[in-house]
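A.B. asks: The structure is given below, and queries will be raised subsequently.
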Amino acid sequence: MNRELGQLHVYFLPMMAPGHMIPMIDIARKFANHGMRSTIVTTHLNAKPFSKTIERDRENGNEINITLFKFPCREAGLPEGCESLSSTTTSEMSLNFHKALGLIQEPVQKILQEGQPDCIVAGAYFWWANDIAVKLNIPKLSFYGTGFFPWCILHSLREHKPHENVRSDSEEFIIPGLPDAIKTSRRQIPNQIKDGDNHPMAEMITKVLNAEMSSYGLIVNSFYELEPTYAKHYKEVHGRKAWHIGPVSLFNKSYEDKTHRGKEATSSDHNCLSWLNSKKPNSVLFVCFGSMSLFTKAQLFEIAEGLEASGQQFIWAVRENAKDVPEEFERRMEGRGLIIKGWAPQVLILDHEAIGGFITHCGWNSLLEGVAAGVPMVTWPLSAEQFYNEKLVVEVLKTGIPVGAQEWTERTKDSEPIKGENIENAVVQLMLGEESETIRSRARKLGDMAKRAVEKGGSSDTELNSLLEEIRVYHL
Ligand code: UDP
Numbered sequence: 084m085n086r087e088l089g090q091l092h093v094y095f096l097p098m099m100a101p102g103h104m105i106p107m108i109d110i111a112r113k114f115a116n117h118g119m120r121s122t123i124v125t126t127h128l129n130a131k132p133f134s135k136t137i138e139r140d141r142e143n144g145n146e147i148n149i150t151l152f153k154f155p156c157r158e159a160g161l162p163e164g165c166e167s168l169s170s171t172t173t174s175e176m177s178l179n180f181h182k183a184l185g186l187i188q189e190p191v192q193k194i195l196q197e198g199q200p201d202c203i204v205a206g207a208y209f210w211w212a213n214d215i216a217v218k219l220n221i222p223k224l225s226f227y228g229t230g231f232f233p234w235c236i237l238h239s240l241r242e243h244k245p246h247e248n249v250r251s252d253s254e255e256f257i258i259p260g261l262p263d264a265i266k267t268s269r270r271q272i273p274n275q276i277k278d279g280d281n282h283p284m285a286e287m288i289t290k291v292l293n294a295e296m297s298s299y300g301l302i303v304n305s306f307y308e309l310e311p312t313y314a315k316h317y318k319e320v321h322g323r324k325a326w327h328i329g330p331v332s333l334f335n336k337s338y339e340d341k342t343h344r345g346k347e348a349t350s351s352d353h354n355c356l357s358w359l360n361s362k363k364p365n366s367v368l369f370v371c372f373g374s375m376s377l378f379t380k381a382q383l384f385e386i387a388e389g390l391e392a393s394g395q396q397f398i399w400a401v402r403e404n405a406k407d408v409p410e411e412f413e414r415r416m417e418g419r420g421l422i423i424k425g426w427a428p429q430v431l432i433l434d435h436e437a438i439g440g441f442i443t444h445c446g447w448n449s450l451l452e453g454v455a456a457g458v459p460m461v462t463w464p465l466s467a468e469q470f471y472n473e474k475l476v477v478e479v480l481k482t483g484i485p486v487g488a489q490e491w492t493e494r495t496k497d498s499e500p501i502k503g504e505n506i507e508n509a510v511v512q513l514m515l516g517e518e519s520e521t522i523r524s525r526a527r528k529l530g531d532m533a534k535r536a537v538e539k540g541g542s543s544d545t546e547l548n549s550l551l552e553e554i555r556v557y558h559l
């Protein structure tokens with residue numbers, strides 16, 4: 084703590100999953116860049132992918148550190164090394180992982196008490212960080228990695244429970260109390276909401292939401308112009324403080340920062356860029372389903388069929404199950420399609436002028452990174468809050484074409500594959516359809532707004548400065 088010199092110390096506790104870690108690291112780095120002292124509290128394996136980046140920041144004079152604690156794999160019944168939600172492959176592992184998050188309360192509390200920070204920014208599931216903040220008499224900010232639109236839907240469904248008044252899983256109903264008439268059905272709602280108190284994580288989810296409501300406020304990776312009515316709705320209807328400071332991916336300006344964001348890219352980024360450099364503007368589709376998806380061999384086959392039949396050029400990032408991509412397909416697609424087997428430098432790829440479309444699972448980060456790059460999307464939600472995010476893209480922003488996914492599925496359970504024909508149709512409609520140019524031009528405008536938001540004096544830059552000022556004033 085160095086309050087006399089005006090430098091405040093903020094501790095960041097990112098939830099251990101790439102979709103939460105990546106944006107929170109961006110935020111911690113941005114705080115340090117604005118004169119705060121940032122300390123990221125995490126485990127060895129979670130720190131590894133970004134420790135070089137933090138080292139670089141330190142060499143550039145920013146006050147940013149990593150403090151490590153041991154993840155209780157054995158105590159929670161997890162295999163050694165399973166320190167990220169993305170490493171869990173069964174429902175049992177995922178439940179044990181959440182159990183482990185409860186067990187780290189004590190070691191983290193010790194770190195915080197010794198560090199005496201001036202503020203805590205904690206990720207989803209660290210509901211207990213509120214109590215630590217009360218003891219230390221400091222503000223605790225929540226960061227749950229998603230936007231205002233899905234938050235408003237989640238709160239409405241929990242409060243009004245409209246899904247309990249329908250006769251079938253496919254019957255559509257309007258989600259009550261929102262600025263737009265957004266429809267959904269039971270099929271698209273996460274089990275955690277549908278099952279209510281009977282869900283195995285019900286108690287924890289209630290604690291998480293209570294912690295959100297009783298924390299000092301929420302940091303949101305979004306920008307005002309993206310979802311103005313929902314930003315207002317969240318703050319006014321729920322009476323909560325919230326600061327939209329994103330898209331945080333745009334904090335990464337240098338080639339190095341963009342390339343090493345998240346994990347080390349599998350194929351050399353140079354290969355990927357030189358391949359893209361040989362293509363015309365807006366002529367390549369980027370296909371990536373985030374860090375958590377677990378597709379079956381049958382689904383990968385359908386994706387391959389759909390991409391081939393669409394006649395479009397593409398980069399397809401297939402993570403862990405890359406061995407299941409049909410070999411014949413890879414050979415046939417040489418020159419037309421690049422398959423990245425592992426981690427892709429997503430932000431770098433999306434930023435390239437050759438990218439003309441993005442098939443996305445609608446994870447909030449991917450959605451925002453696609454928006455920031457000004458790229459239209461084929462939306463293919465799978466689980467989490469992704470079906471809500473799809474509605475923002477397709478119905479509110481009108482910058483996407485749905486592939487036709489209807490059924491929310493637990494990520495560790497197999498779902499009925501989306502057929503190649505549906506994928507082909509959505510891709511062709513996005514890249515060549517009558518509406519293609521209109522959708523593209525809307526997406527481009529939105530991308531320009533996103534970039535302006537984080538520039539000096541833009542809506543997100545202003546919010547970030549007022550948040551930092553509020554933390555300073557809290558300690559006067
Ligand atoms: N990502 C990436 N390369 C990949 C897969 C994912 O860089 O091959 C990044 C992506 O840019 C995003 C994050 O991982 O920042 C995934 O977060 P998102 O919210 O989109 O989805 P989740 O993984 O949480 O389902």
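Quick note, my numbering runs 83 ahead of the 1-based positions in the sequence shown. Glycine residues also receive a C-beta, built at the ideal position from the N, C-alpha and C atoms.
(1) Using 8 Å as the threshold, is the stretch 531-546 in touch with the stretch 298-307, meaning 3 or more CB pairs across them?
(2) Histidine 316 and glycine 206: beta carbons closer than 7 Å?
(3) Check lysine 502 in the structure and name its three-state DSSP category.
(4) For cysteine 355, which residues in the same chain have their Cβ closer than 8 Å to its Cβ, ignoring the five residues on either side in sequence?
(5) Would DSSP call threonine 126 helix, strand or coil?
(6) How about phenylalanine 256 and proline 245: do their beta carbons lie closer than 7 Å?
(7) Is it right to say glutamine 469 is buried, meaning 16 or more other beta carbons lie within 10 angstroms of its own, or is it exposed?
(8) Closer than 6 Å: is that where the CB of serine 449 sits relative to any heavy atom of the ligand UDP?
(9) Output the distance between the C-alpha atoms of glycine 373 and arginine 344, rounded to the nearest integer angstrom.
(10) Considering just the uninterrupted stretch of the alpha helix (DSSP H) at isoleucine 272, what are its terminal residues?
(11) What number of angstroms, rounded off, separates the C-alpha of lysine 528 from the C-alpha of leucine 186?
(12) Output the boundary residues of the beta strand (DSSP E) element that contains isoleucine 194.
(13) Leaving aside the five residues before and after tryptophan 234 along the sequence, list all residues of the same chain whose C-beta is less than 7 Å from its C-beta, in chain order.
(14) Closest to tyrosine 557 by C-alpha separation, out of Ala100, Ile221 and Lys131, would be which residue?
(15) Answer yes if the stretch 160-174 comes into contact with the stretch 130-146, meaning at least three C-beta pairs across the two stretches below 8 Å, and no otherwise.
(16) Look at the alpha carbon of isoleucine 328 and the alpha carbon of phenylalanine 412, and state the distance between them as a whole number of angstroms.
(17) Between the C-alpha atoms of asparagine 116 and glutamine 90, what's the straight-line distance to the nearest angstrom?
(18) Cα-Cα, which of Pro364, Ile386, Trp358 and Lys362 is closest to cysteine 371?
(19) Under DSSP, the alpha helix (DSSP H) around threonine 312 begins and ends at which residues?
(20) From the DSSP output, which residues share a beta bridge with leucine 368?
(21) Exposed or buried, tyrosine 299, counting other C-beta atoms within 10 Å across all chains shown (16 or more means buried)?
(22) Would you say the beta carbon of lysine 210 is closer than 6 Å to some non-hydrogen atom of the ligand UDP?
(23) What's the C-alpha gap between histidine 321 and leucine 333?
(24) In whole angstroms, what is the alpha-carbon distance linking lysine 481 and alanine 526?
(25) For valine 479, which option in Asp263, Arg157 and Gly530 has the closest C-alpha, if you only look at C-alpha atoms?
(26) Where do the N-terminal and C-terminal ends of the alpha helix (DSSP H) with proline 101 fall, by residue?
(27) Using a threshold of 6 Å, is the CB atom of phenylalanine 256 nearer than that to any non-hydrogen atom of the ligand NAD?
(28) Start and end of the beta strand (DSSP E) containing tyrosine 471?
(29) Among Gly503, Lys341 and Met375, which has the Cα closest to the Cα of threonine 173?
(30) Along the alpha helix (DSSP H) that carries tryptophan 447, what are the first and last residues, could you check?
(31) Which one or two residues does DSSP pair with serine 225 in a beta bridge?
(32) Cutting at 8 Å between CB atoms, please list the residues of its own chain near tyrosine 208, excluding the five before and the five after it.
(33) Roughly how many angstroms lie between the CA atoms of phenylalanine 231 and lysine 380, to the nearest whole one?
(34) In whole angstroms, what separates the C-alpha of aspartate 252 from that of glycine 260?
C.D. replies: The answer reads as follows:
(1) Contact between the stretch 531-546 and the stretch 298-307 is present, because at least three Cβ pairs lie under 8 Å.
(2) By one-based count along the sequence shown, residue 316 stands at place 233. By one-based count along the sequence shown, residue 206 stands at place 123. Taking 7 Å as the Cβ cut-off, histidine 316 and glycine 206 do not qualify as a contacting pair.
(3) Against the sequence shown, residue 502 aligns to sequence position 419. Here lysine 502 sits in coil by DSSP.
(4) Working through the sequence shown from its first residue, we reach residue 355 at position 272. Once the five neighbours on either side are set aside, the close Cβ partners of cysteine 355 are Ala348, Ile398, Leu421, Ile423, Ala427, Pro428, Leu431 and Ile432.
(5) Position 43 of the sequence shown holds residue 126. The DSSP-derived three-state label of threonine 126 is coil.
(6) Your numbering for residue 256 matches position 173 in the sequence shown. Your numbering for residue 245 matches position 162 in the sequence shown. Closer than 7 Å, so yes.
(7) The sequence position of residue 469 within the sequence shown is 386, counting from 1. Glutamine 469 is classed as buried because its beta carbon has at least 16 other beta carbons within 10 Å across all chains shown.
(8) Locating residue 449 in the sequence shown gives position 366, counting from the first residue. Answer for serine 449: yes, Cβ within range of the ligand UDP.
(9) On the sequence shown, position 290 is the one that residue 373 refers to. On the sequence shown, position 261 is the one that residue 344 refers to. Straight-line Cα distance between these residues: approximately 13 Å.
(10) Taking the sequence shown and counting its residues from 1, one reaches residue 272 at position 189. Note, isoleucine 272: premise wrong, no alpha helix (DSSP H); not H, not E.
(11) By one-based count along the sequence shown, residue 528 stands at place 445. By one-based count along the sequence shown, residue 186 stands at place 103. Near 46 Å, if we compare the C-alpha coordinates of leucine 186 and lysine 528.
(12) Along the sequence shown, one-based indexing puts residue 194 at 111. Here isoleucine 194 belongs to no beta strand (DSSP E); instead the alpha helix (DSSP H) covers 188-198.
(13) The count along the sequence shown starts at 1 and reaches residue 234 at position 151. Cβ neighbours of tryptophan 234 beyond the five flanking positions: Tyr317.
(14) Start at 1 with the first residue of the sequence shown, and residue 557 comes out as number 474. When each option's Cα is compared against that of tyrosine 557, the closest is Ile221.
(15) No contact exists between the stretch 130-146 and the stretch 160-174.
(16) What you label residue 328 is simply residue 245 of the sequence shown in a count that begins at 1. What you label residue 412 is simply residue 329 of the sequence shown in a count that begins at 1. Isoleucine 328 and phenylalanine 412: Cα-Cα distance of roughly 42 Å.
(17) Position 33 of the sequence shown holds residue 116. Position 7 of the sequence shown holds residue 90. Approximately 12 Å, taken between the alpha carbons.
(18) Locating residue 371 in the sequence shown gives position 288, where the first residue counts as 1. Closest by alpha carbon: Ile386.
(19) On the sequence shown, position 229 is the one that residue 312 refers to. Note, threonine 312: alpha helix (DSSP H), 311-320.
(20) Here residue 368 corresponds to residue number 285 of the sequence shown, with the count starting at 1. Under the DSSP definition of a beta bridge, leucine 368 partners with Phe397 and Gly440.
(21) Your numbering for residue 299 matches position 216 in the sequence shown. Buried.
(22) One-based indexing of the sequence shown puts residue 210 at position 127. Note on identity: in this sequence residue 210 is tryptophan, with lysine being the wrong assignment. Every heavy atom of the ligand UDP is 6 Å or more from the Cβ of tryptophan 210, so no.
(23) Here residue 321 refers to the residue found at position 238 of the sequence shown. Here residue 333 refers to the residue found at position 250 of the sequence shown. Going by C-alpha positions, histidine 321 is about 29 Å away from leucine 333.
(24) The residue given as residue 481 occupies position 398 in the sequence shown. The residue given as residue 526 occupies position 443 in the sequence shown. Cα to Cα, the separation comes out at about 8 Å.
(25) Within the sequence shown, numbered from 1, the residue matching residue 479 stands at position 396. Here the closest residue by C-alpha is Asp263.
(26) For the purposes of this step, residue 101 is taken as residue 18 along the sequence shown, with counting starting at 1. For proline 101, the uninterrupted alpha helix (DSSP H) run begins and ends at 101-116, by DSSP.
(27) In the structure on display, the ligand NAD does not appear, and the ligands it does have are the ligand UDP.
(28) The count along the sequence shown starts at 1 and reaches residue 471 at position 388. Element bounds for tyrosine 471: not the beta strand (DSSP E) but the alpha helix (DSSP H), 469-474.
(29) Here residue 173 refers to the residue found at position 90 when the sequence shown is read from its first residue. Distances from the alpha-carbon of threonine 173 to those of Gly503, Lys341 and Met375 put Met375 closest.
(30) Here the question's residue 447 lines up with position 364 in the sequence shown. Where tryptophan 447 is concerned, the enclosing alpha helix (DSSP H) stretches over 447-455.
(31) Indexing the sequence shown from 1 puts residue 225 at position 142. Looking at the DSSP assignment, serine 225 forms a beta bridge with Ala205 and Leu301.
(32) To locate residue 208, count along the sequence shown from 1; it is residue 125. For tyrosine 208, where only same-chain residues beyond five positions count, the Cβ hits under 8 Å are Met98, His181, Leu184, Met287 and Val291.
(33) Working through the sequence shown from its first residue, we reach residue 231 at position 148. Working through the sequence shown from its first residue, we reach residue 380 at position 297. Each residue's alpha carbon lies about 35 Å from the other.
(34) Position 169 of the sequence shown, counted from the start, is the residue given in the question as residue 252. Position 177 of the sequence shown, counted from the start, is the residue given in the question as residue 260. Approximately 21 Å between the Cα atoms of the pair.
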